[in-house]
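Numbering (my numbering), first residue to last: 111 to 358.
Remarks on the structure that follows.
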């Protein structure tokens, strides 16, 4: 397995409120762990929220020994959400803070994913980008109800309104996904600073190149900046190399 993560402030923001974690080595019961968080709530509060969520989730998972991947992530996210919300109630300058979170771990040939908010996980398979996560956003909820067309003017104007985040309430519900991996699959976790600036077609063209993961991540960030860089940009690329582990 190979992995590489990169984050960039972008061309407009003065602070980077994104935070990432990437480990191909075991983290507690998990054989590996990959996280992307995008904080909100003002410069200091957004920075604090994303870093707090990632660092405390990693700490929790390092100590967790009771269950498998899904239960570990579920309990970890619940615990970190309560901790972050408590901090927001204790410090006035942190009031209203929160963060998106997308988490992934691979066990044998199965990808396990949890997400809250609009940070995404894509699977690049057979020259196509497949979004595994579902955005917790106002526009996607309206699209699901048939009350808005995706990529309409209203959709683009209100795309950044998220309906679920870590740390904004006493409890939060993550969505979970499982995907059976195939040889040559490539995984991308990203904040909306990438997915809002670069089309899935262009992301796929980048990932299709015969270059290193580090070069691909840098190209993705560069493309987001070339298209405006209106937000912080984070990308974590994971190459599971399933063909080397699981007979097909």
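The beta carbon of each residue, even a glycine, is placed where N, CA and C say it ideally should be.
Please read these numbers as outputs of a predicted model, since none were measured by experiment.
task: In the DSSP assignment, find the unbroken beta strand (DSSP E) run with residue 118 in it and report its ends.
output: 112 to 118
query: Would the region 193 to 210 and the region 221 to 233 be scored as touching if the rule is three or more Cβ pairs under 8 Å?
result: The region 193 to 210 vs the region 221 to 233: in contact.
task: Note the first and the last residue of the continuous beta strand (DSSP E) segment covering residue 149.
output: 143 to 150
- prompt: Can you name the start and end residues of the beta strand (DSSP E) that residue 204 belongs to?
  reply: Segment: none, residue 204 is in no beta strand (DSSP E) and carries neither H nor E.
query: Which of helix, strand or coil does DSSP assign to residue 346?
result: strand
- prompt: Whole-angstrom Cβ separation of residue 333 and residue 312, contact assumed at under 8 Å?
  reply: 6 Å
The region 152 to 161 in contact with the region 119 to 128 per 3-pair CB rule at 8 Å: Yes: at least three Cβ pairs fall under 8 Å.
- prompt: Over what stretch of residues does the alpha helix (DSSP H) that includes residue 305 continue unbroken?
  reply: 302 to 305
query: Per DSSP, what kind of secondary structure is residue 187 in: helix, strand or coil?
result: Under the three-state reduction of DSSP, residue 187 is assigned to helix.
task: Provide the residue span of the alpha helix (DSSP H) that contains residue 234, from first to last.
output: Taken as a continuous stretch (DSSP letters only), residue 234 belongs to no alpha helix (DSSP H), being part of the beta strand (DSSP E) at 230 to 235.
- prompt: Tell me the DSSP bridge mates of residue 282?
  reply: For residue 282, which the question treats as bridged, DSSP gives no partner whatsoever.
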